[in-house]
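To start, the structure under review is shown below, and the notes come after it.
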Amino acid sequence: MPHSSATVRVQMLDHSVHTYDVKVKSYGNMLLQSVMKDINLLESDYFGIQYTDKQGNRVFLDPLKKIKSQITNISNVVLHFVVRFFPPDPGQLQEEYTRYLFALQVKQDIVDGLLPCNENTLVVMASYIAQSEFGDWNSFDCSDLSYLRDLKLLPPLVDMNEHDLLVKVSENHKIRTGETKADSDYHLLDIVRRLEQYGLRLLPAKDQENTDIKLAVAHMGVVVFRGNSKINTFNWARIRKLSFKKKRFLIKLRTETSVDKNGQNVGDILVFVMASRDTCKNFWRHCIEYHAFFRLEIHPDPAPKPKIIKRGSTFRYSGKTQKQLHELVRNSNFRRTTFVRASARKPTIQPNNRTPQFNSPAITVTPSVISTEHDDSGIPSPIKTEAEVNGHVTTTPDLTIASKGDGLVYSQKEEKPEELSPSSMATAAWQVESEHLHSSVVSVPSHETPDEAPDTTAQTAESQNESKSAEQAAPLPSPVNLHSGGMSDPNDLTEVSALSVNGSVASSVVSPPGLLSTRGLKSTSSLSSETRYPSSQAYYIAKEMLTTERTYVKDLEVITTWFKSALQKEGSESLLPENTANQLFGGIGSLVALHQQFLCTLDDRLSSWEGRGSTGATNDQLVDDLMLSHMLVLKKYLASLENGESLITAIEEVGDAEPKFESLYREFELQKVCYLPFNSFLLKPMQRIAHYKLITERLMNYYEAESTLQQHPELQSAYKEASVLCTATQERLKRAHNLQKMAQLRRDLIGVEHLLKPNRTFIREGSLYKLSRKGFQQRLFFLFSDCLVYTSKGVTSTNQFKVHAELPLQGMIIEVNEGESAVPNCFSILSASKTVIVAAATQEEMDKWLEDFSVAIARAGREMDMYESPLNNAAGSLSRLSMEQSSEDGEGSVRNSMERLKPPMQHRSNATMHVCWHRNTSVSSSDHLVSLKNQLSGYLLRKFKNSNGWQKLWVVFTNFCLFFYKSNQDESPLASLPLLGYTINSPTEADGIRKDFVFKLKFKTHVYFFRAESQYTYNRWIEVISSATVTSQRTRLFSRMDSYQ
């Protein structure tokens, strides 16, 4: 070999080592081009080459610097080909080969312990890796666990047993038989993207308080960890300037109100101390590259050459941005030949359709084939002289972010990091981000990609068509693209955050009617560009199954992941009996793995239906076989599906016996991820069975209307299986729901410790006005099968309702007060101990109460059991009467004694009792049972009454409430809208809404518009929301008599 050349060894992601001959004076660009050509990689800019510097830091090879200036003794160093940029959704990767390389990187990260996760997630991911590398499970090779050990799937284990884990991995691998390797890669990436440390490389640092923390950069900005818990995220939209000085990494944040003397935004400066200057500098450069790749439309121009003296850094990201990469792949005629997958273990018997495994020999590329021009990989050739390149590292770099817009301007002045360079700002070409709450159209900077801006406003495609006349109607309107099941369309440039009401964060305490509670929401105006989706109604029915399955899986993870983690964090796992813990985490955990598999398979089927899957098919993709196989598997899990009642009972018993567990339980219910009462999540498996039956029945009705039902025997079989499961769990679900409601009331109310009783059932809760010495005062009444309890809302920080009195139903008489002098909607409740006069807000409310009283009193009269008081003080009626009088007259002795019975607890404002209180309405047990069937999830566009902009939100309807998420990947809702008391109808001409599939929600002066993606989804949202809203003409929505027969 000539002295001017050197042999460079590069270890690939499959651990094979390739060699390349390069000139010693060549730039890093040339080696990158050689590697990309060697492996025939089109989406090359996601990847890079890493080496280890003198201090042991892993550094990416700079394409614009000479190799010898970066690496000494290059022939004795092994470089590593790795993923450089991790997209938020790996589904955006266009090529199967790229996804394969990402899957290899994920496997390496798992083995290196860079992706901490719970046991169930680890098992599922390992099973997908086994399916991708080994292929289908077979009894000959997989009878023992040696094949899994050869694949090296597990990280260093601390609290988990390797053998037990591998057994679970093998079991999960077995159920993936028949799945293609490409699908396994896709499903693996779909799971890993939800992990908190996905794609992060944590670097140790210290904050301003000298606390040990870790820093990392991600697509959305800079993240801060303490241990394995993320404690803060600094989004690109919040960052005005990044810089470093020696070992200090500085982040200057942008604020809306702080302005300096030049009229420029100034904000807080955060300082982090890192291990060394080189570590700090490398992290700073990586932040610049991440921002440029994910936020800009085109890569920034090279820094101008200084005329006299160079100050600051001229570093720029030189590759393609993600936007450019998407366009390159979309417009390219590139056709990949079949690539080969490497594996540490292969099946002994290869099926005919299995691709033979590949062991790559070392490949040598001579310098003569390396061109200095642009090639298919798109990596620019070096354009600077050697002196310019070497001069980049001689001064202190500084990254300035212009206060207008979100562009990053890299200043060349060597000055104090906290000072803003006016010249840098003057050269910025960014447009101002809208700060108005309800802006009509938000213009996006020409160099920034909206779909990669997590916390900035997105450009709306709707604005381009706003001026068109409403009379230009098409025969069939195109469905609005609101994404399918969470897979992002690479052509879709819309990303939406939620709106903030009045620009402020709402209080957690209920406000008057019409409340829309919001937390940390940004303004936006957004609507997806219209894309043709399948016109078949069967597609949207199957899509409803997919979207609701996503919500269902996340609901189960509240139990198996979040609650389990809360117990482990406090060291309280031992408080649960072993049998209860096994049912709670083991039984439901097995359901999570099962439904995750079903979700991934269904998602892939829907993607193929839309033409986004690996097959690219756009014809109807039937889900009949999926539903049938899923129903047959669910039959084997019947014991885990229907154990919600026993779990609620066991948890209540543990709470009574262990105050520490009860306190932890209450604290967990206040977390944002637990958006419903925790015990309601335990009923989700039984509820889901009913949903399967309804969705399958809806699909059958569609095919029957199309006269094609006879072509779907598997679907009919699936419906029969779902009906059998539904019948087997129906009565148990009713009992479990009543127990769940009673247990939650016992926890939420003060003074009803003895509420739980085998024969006591909940009937109705709601607001009535009771006549007292001070006139009619609002009280919250609870009607049970054997008694009536009424409460008032205490003026305390706990936001709880306190019991005033109880009235047994045996011998009770209800009289309606009539006459000219009578108060409207007033009736008297006569019991053995006292008479109570109450008034309802409307005639309709009074009719509901009278009907339920009539049925409940008749049933109570037939009961022969001795009455047991639900109150803490089970004395006679005289003591209860005195308790009521003292509390209503303002004496606080009894009230204070009841407060001491339970620890303080802040209640969320969208709980049913609080909504009934503020909306002057009521809800019955049969209303709750109907609501269990009317649960829906999916993307909607939302618009406020006085705004012109639409925003895309992931919406979940359950428990008479809409919960809003930024996307289906979010763990907790951003806002909630209780629907009791709202009306739903179509927009009027005066509303000025000239869009298809729009419905209007209104309560008094509170008006919201929502837009669905198709006629079917519009009808479904109307149907389910109508089950929770009230119209002025309605006398009753549900038949309440059926529940008492």
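Quick note, the sequence shown lines up with residues 335 to 1379 if you use the numbering used here. A virtual CB, placed ideally from N, CA and C, is assigned to each residue, including glycine. Small disclaimer: the values here were computed from a predicted structure and weren't measured.
Residue range of the unbroken beta strand (DSSP E) whose run includes residue i
i, result
"TRP1288", "1285-1292"
"TYR1299", "1295-1299"
"PRO424", "No beta strand (DSSP E) contains PRO424, which DSSP labels as neither H nor E."
"HIS1138", "1135-1142"
"TYR1124", "1121-1127"
"LEU1274", "1270-1278"
"LYS898", "Element bounds for LYS898: not the beta strand (DSSP E) but the alpha helix (DSSP H), 898-903."
"ASN1302", "That residue, ASN1302, is in no beta strand (DSSP E); it is neither H nor E in DSSP."
"ALA291", "Not covered by the structure: residue 291. The range shown for the chain is 335 to 1379."
"ASN1319", "1317-1319"
C-alpha gap between residue i and residue j, whole angstroms
i, j, result
"ILE565", "SER974", "35 Å"
"SER980", "THR914", "9 Å"
"HIS352", "LYS400", "20 Å"
"HIS1248", "ALA609", "52 Å"
"MET821", "GLY425", "Bear in mind that a pLDDT of 37 at MET821, under 50, signals an unreliable position, so the number given afterwards is only what the model happens to contain. Approximately 6 Å, taken between the alpha carbons."
"VAL369", "THR406", "20 Å"
"GLU1179", "ASN1159", "8 Å"
"LEU662", "PHE415", "22 Å"
"THR1125", "ALA1139", "7 Å"
"ALA1309", "LEU1287", "10 Å"
"PRO490", "SER403", "36 Å"
"ARG675", "GLU467", "7 Å"
"SER924", "GLU987", "24 Å"
"GLY1210", "GLU907", "Legend: pLDDT at GLY1210 = 37, less than 50; position of this residue unreliable, value from coordinates given subsequently. Those two C-alpha atoms are separated by around 41 Å."
"LEU587", "SER577", "12 Å"
"ILE444", "LEU487", "7 Å"
"VAL830", "GLU944", "Unreliable placement is indicated for VAL830, whose pLDDT of 32 sits below 50; no coordinate value is reported for it."
"ASN916", "GLU1152", "59 Å"
"SER461", "TYR431", "20 Å"
"ILE1163", "LEU1073", "27 Å"
"TYR624", "HIS553", "6 Å"
"LEU1335", "GLU543", "49 Å"
"ALA340", "ASN363", "15 Å"
Range covered by the alpha helix (DSSP H) that runs through residue i
i, result
"HIS929", "922-943"
"THR1061", "1047-1082"
"CYS614", "611-629"
"THR511", "It is not in any alpha helix (DSSP H) - THR511 carries neither H nor E in the DSSP assignment."
"LEU972", "972-975"
"THR1339", "Premise fails: THR1339 is in no alpha helix (DSSP H) and is neither H nor E."
"PRO993", "993-1003"
"GLN389", "Neither: GLN389 is in no alpha helix (DSSP H) and is coded neither H nor E."
"ARG1354", "1349-1360"
"ILE893", "Counting along the chain, ILE893 falls outside any alpha helix (DSSP H), and DSSP gives it neither H nor E."
"LEU659", "656-665"
"PHE1187", "1177-1196"
"TYR1036", "1018-1039"
"ASP959", "958-969"
"SER1014", "1012-1015"
Those residues which DSSP pairs with residue i across a bridge
i, result
"GLN1099", "According to the sequence provided, residue 1099 is Glu. The question's Gln does not apply to it. Answer is PHE1116, VAL1257."
"ILE585", "LEU576, LEU604"
"SER1265", "Paired residue(s): none; SER1265 is not in a bridge."
"SER1162", "GLU1149, ILE1171"
"SER339", "LYS357"
"VAL1382", "Since the first and last residues shown for the chain are 335 and 1379, residue 1382 lies out of range."
"GLN871", "Partner(s): none; GLN871 has no beta bridge."
Anticipated Cβ contact below 8 Å, residue i with residue j, distance rounded
i, j, result
"PHE897", "PHE1012", "7 Å"
"LYS994", "LEU910", "In fact, because the Cβ distance is near 12 Å, the residues do not count as touching under 8 Å."
"LEU536", "ALA550", "5 Å"
"TYR380", "ARG418", "6 Å"
"LEU500", "LEU522", "Actually they do not touch by this definition, with Cβ atoms about 18 Å apart."
* Complete runs of the alpha helix (DSSP H) confined to the segment 451-483 [at least 4 residues] -> If only complete runs of 4 or more residues are kept, the segment 451-483 shows the alpha helix (DSSP H) at 453-467, in order along the chain.
* Write down every uninterrupted run of the beta strand (DSSP E) in the segment 365-417 whose length is 3 residues or greater and which is fully enclosed by it, in chain order. => Complete beta strand (DSSP E) runs here, min 3: 381-386, 392-394, 412-417.
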